[in-house]
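There are 2 protein chains.
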Amino acid sequence: MSSDIHFRRIALIGIGLIGSSLARLIRRERLADTVTAYSRSAATRQRAKELDLVDHLDDDPGAAAAGADLVVLCTPVGSYSTIVEAMAPRLDAGAIVTDVGSVKRAVIDAVAPRLPENVHFVPAHPISGTEYSGPEAGFDTLFEGRWCVLTPPAGTDPDAVEKVAAFWRRAGSQVDLMSPDHHDMVLAITSHIPHLLAYNIVGTVADLEAQTQREAIKYAAGGFRDFTRIAASDPVMWRDVFLNNKEAVLEMLGRFTEDLASLQRAIRWGDGDALEAKFVRTRAIRRDVIEADQA
Amino acid sequence: MSSDIHFRRIALIGIGLIGSSLARLIRRERLADTVTAYSRSAATRQRAKELDLVDHLDDDPGAAAAGADLVVLCTPVGSYSTIVEAMAPRLDAGAIVTDVGSVKRAVIDAVAPRLPENVHFVPAHPISGTEYSGPEAGFDTLFEGRWCVLTPPAGTDPDAVEKVAAFWRRAGSQVDLMSPDHHDMVLAITSHIPHLLAYNIVGTVADLEAQTQREAIKYAAGGFRDFTRIAASDPVMWRDVFLNNKEAVLEMLGRFTEDLASLQRAIRWGDGDALEAKFVRTRAIRRDVIEADQA
């Protein structure tokens, strides 16, 4: 029963938006006797301490993870290999290591070979977040009604997978299983490319001459405002996403730019029928998204 | 005093999202003795009638506009020239014609030469809207707290401009004056390009094989959902925007795609510093947008 899930000691490796949301949720749901957290930054540890988010805070991932039966990697994915190497010798036999990273193939390649044989690795990606960062940005309902995708490699211990799934169900999420490569392709188009486009258009505005830029900010309500919100997301986290999902992002970006070139051509040549046909077609996808939300 | 603004008869040429929002607002604020509306579509007129939005509905723009002292064009901008030609002979001397179109240079070129000498034309663009369309989609607070940009050509009667400005202030909007060409450039980057990108990425998803498309819809929370909302906007309205703001859209799209190519290159070559620098820089624009909202 997922409602019975309980850990002796959960270690949160990273205590930003996701880590601190998990800390709040673990307390609320009493999912562990003890919660520890690692953060590299003294300022972040201090803020986490003031917020009383966990029982112990540490600047050494190995010390934070020692004795834990569940270790959750909540730092930008580019930091995983160094962190896992540091904590591997301190991990308990039978411990479960999981993560919350937005890419999965590169994470498996970075983490799995660095873990001891007797430790389970269950890669996970909660599809939730906000544009805010840091321990004060978290809240215990962040994962409610959202999907969490697990991408366990073949041969992963089914009990470990079920424990991680149960953990996410207690967070209020629906859990799905997927292959890591397929996950990376789907997320490239639904999340990584949208973020790239948002960062890019906001960057284009940042390069406009001062007067036009001020007006773009003033009249942001026309659509631009939504993009600035997405482009306010954590820069290091997103740098690491793009560096670690290169193949899928470049593949989807190639499709996107081909399609955009075709729209650009329709605009240049005044092909109203092509524009209208495209714009009508996209409405159906919106209906599907709304229906999927309600399901 | 703007609070004293009152018209004998307002004609709404088009009764979709914007026209029907204006109809509701005009009633609430008692801005006219009589309100008439034109719609080409019998179904739209029927729905507007059932909603009791205006005093008279007509399928002829000339009949709707006859005797009005304020005529507001609320149809897609591509229809303006035909509509204005049809109603020009029926317009009262001294009447003010205004519009709500998202582009202004092409609108002035289409409308101004077709109006009688004794009629005033004050081009306007309320920067507000939703992804919904039709007479049932409107609401009387749509324009509250938003900007309305007026782009009167040199020589426009100042009293007519002030009357239109006063009308929009009663709608709850802040009114700004701008040159039509500058308006079109600013809106290209803040509104037209964001809509084009949203339509385009949703189109890219629509071309994915069925299984991946279903998953993209399922996991839309990662960023894609915001794009589907924008891409649900009225297809004909947006077709006409792109056809009628070609120069500015192509100019801004050129800047955008150059910047995107540079980001794509940084991803391909694993240039994390370039990615992070870009993503950090865009956060400042978000702060400026939030501050502008609060101002």
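Taken in order, these protein sequences are the chains called A and B. If you read the first sequence in my numbering, its first letter stands for residue 1, the second for the next number, and so on. If you read the second sequence in my numbering, its first letter stands for residue 1001, the second for the next number, and so on. Beta carbons: idealized from backbone N, C-alpha and C, even for Gly.
If you compare alpha carbons, which of the options is closest to residue i?
i, options, result
"THR1257 (chain B)", "A:ASP273, A:ILE201, A:LYS246 and A:ALA266", "A:ILE201"
"ASP181 (chain A)", "A:PRO123, A:PRO235, A:PHE227 and A:ASP234", "A:PRO123"
"ILE83 (chain A)", "A:GLY94, A:HIS195, A:ASP60 and A:ARG28", "A:ASP60"
"VAL54 (chain A)", "A:ASP33, A:ILE189, A:VAL175 and A:ARG283", "A:ASP33"
"LEU260 (chain A)", "B:TRP1269, B:LEU1263 and B:LEU1250", "B:LEU1250"
"LEU1022 (chain B)", "B:ARG1169, B:MET1252, B:THR1156 and B:ALA1188", "B:ARG1169"
"ILE1230 (chain B)", "A:HIS6, A:VAL280 and A:VAL241", "A:VAL280"
"VAL71 (chain A)", "A:THR44, A:SER133, A:LEU51 and A:ILE13", "A:ILE13"
"LEU51 (chain A)", "A:PRO116, A:ALA64 and A:ALA37", "A:ALA37"
"ALA221 (chain A)", "B:PRO1194, B:ARG1090, B:VAL1035 and B:GLY1223", "B:PRO1194"
"ALA1198 (chain B)", "A:VAL164, A:ALA206 and A:PHE224", "A:PHE224"
"GLY129 (chain A)", "A:PRO152, A:ASP271 and A:SER173", "A:SER173"
"ASN1118 (chain B)", "B:SER1133, B:TYR1132 and B:ASP1157", "B:ASP1157"
"ARG115 (chain A)", "A:GLY270, A:ASP92, A:TYR132 and A:SER133", "With the sequence shown as reference, residue 115 (chain A) is identified as Leu, and Arg is not the correct amino acid for it. Comparing Cα-Cα distances from LEU115 (chain A) to each of A:GLY270, A:ASP92, A:TYR132 and A:SER133, the minimum goes to A:ASP92."
"LEU1031 (chain B)", "B:SER1191, B:VAL1164 and B:ARG1265", "B:VAL1164"
"SER1191 (chain B)", "A:PRO76, A:SER179 and A:TYR219", "A:TYR219"
"VAL205 (chain A)", "B:TYR1132, B:MET1252 and B:MET1087", "B:MET1252"
"LYS278 (chain A)", "B:ASP1234, B:PRO1076 and B:VAL1035", "B:ASP1234"
Please report the distance separating the alpha-carbon of residue i from that of residue j.
i, j, result
"MET1185 (chain B)", "VAL1103 (chain B)", "9 Å"
"ALA248 (chain A)", "ILE1267 (chain B)", "11 Å"
"LEU1017 (chain B)", "GLU1136 (chain B)", "7 Å"
"GLU1215 (chain B)", "HIS125 (chain A)", "14 Å"
"PHE227 (chain A)", "ALA68 (chain A)", "40 Å"
"ILE10 (chain A)", "GLY78 (chain A)", "22 Å"
"SER1303 (chain B)", "LEU1073 (chain B)", "Residue 1303 (chain B) cannot be examined here, being either before or after the span of chain B that is shown, 1001 to 1295."
"ALA154 (chain A)", "LEU1263 (chain B)", "35 Å"
"VAL1100 (chain B)", "HIS1056 (chain B)", "21 Å"
"GLY1203 (chain B)", "ILE1217 (chain B)", "12 Å"
"VAL1097 (chain B)", "HIS1120 (chain B)", "6 Å"
"TYR1080 (chain B)", "ALA171 (chain A)", "54 Å"
"GLU1162 (chain B)", "TRP1147 (chain B)", "15 Å"
"PHE1139 (chain B)", "THR282 (chain A)", "25 Å"
"LEU177 (chain A)", "ALA166 (chain A)", "13 Å"
"GLY1254 (chain B)", "ILE1189 (chain B)", "11 Å"
"SER1039 (chain B)", "ILE26 (chain A)", "58 Å"
"ILE1285 (chain B)", "TRP1238 (chain B)", "26 Å"
"ASN245 (chain A)", "ALA110 (chain A)", "13 Å"
"GLN1211 (chain B)", "ASP288 (chain A)", "14 Å"
"GLU276 (chain A)", "ILE290 (chain A)", "22 Å"
"ASP1293 (chain B)", "ILE1127 (chain B)", "13 Å"
"THR1151 (chain B)", "LEU1196 (chain B)", "24 Å"
"ARG105 (chain A)", "PRO113 (chain A)", "13 Å"
"GLU85 (chain A)", "GLY94 (chain A)", "17 Å"
"VAL149 (chain A)", "LEU187 (chain A)", "11 Å"
"ARG1008 (chain B)", "ALA1063 (chain B)", "16 Å"
"ALA43 (chain A)", "ARG1024 (chain B)", "53 Å"
"ASP1207 (chain B)", "GLN1213 (chain B)", "8 Å"
"ALA232 (chain A)", "ASP1273 (chain B)", "17 Å"
"GLU209 (chain A)", "ARG1028 (chain B)", "41 Å"
"ASP4 (chain A)", "LYS1049 (chain B)", "59 Å"
"HIS1312 (chain B)", "LEU1243 (chain B)", "Missing from the structure shown is residue 1312 (chain B); chain B here goes from 1001 to 1295 and no further."
"ARG1265 (chain B)", "PRO76 (chain A)", "22 Å"
Name the DSSP bridge partner or partners of residue i?
i, result
"ASP176 (chain A)", "A:VAL149"
"LEU1070 (chain B)", "B:ILE1010 and B:ILE1096"
"HIS120 (chain A)", "A:ILE96"
"HIS1125 (chain B)", "B:VAL1149"
"TYR1038 (chain B)", "B:ILE1013 and B:ASP1058"
"ALA1032 (chain B)", "B:PHE1007"
Looking at the unbroken beta strand (DSSP E) that takes in residue i, where does it start and where does it end?
i, result
"ARG58 (chain A)", "The residue you asked about is not Arg; residue 58 (chain A) is Asp in the sequence shown. Counting along the chain, the beta strand (DSSP E) containing ASP58 (chain A) begins and ends at 56-58."
"TYR1199 (chain B)", "Premise fails: TYR1199 (chain B) lies in the alpha helix (DSSP H), 1193-1206, not in any beta strand (DSSP E)."
Please list the terminal residues of the continuous alpha helix (DSSP H) segment that includes residue i.
i, result
"ASN244 (chain A)", "235-244"
"LYS1163 (chain B)", "1158-1170"
"ASP226 (chain A)", "224-230"
"LYS1218 (chain B)", "1210-1218"
"VAL84 (chain A)", "80-87"
"ASP1271 (chain B)", "Element bounds for ASP1271 (chain B): n/a, residue is neither H nor E."
"ASP1109 (chain B)", "1105-1111"
Check whether the segment 7-26 of chain A touches the segment 140-148 of chain A, counting contact only when three or more Cβ pairs, one atom from each stretch, lie closer than 8 Å.
Verdict: yes, contact present.
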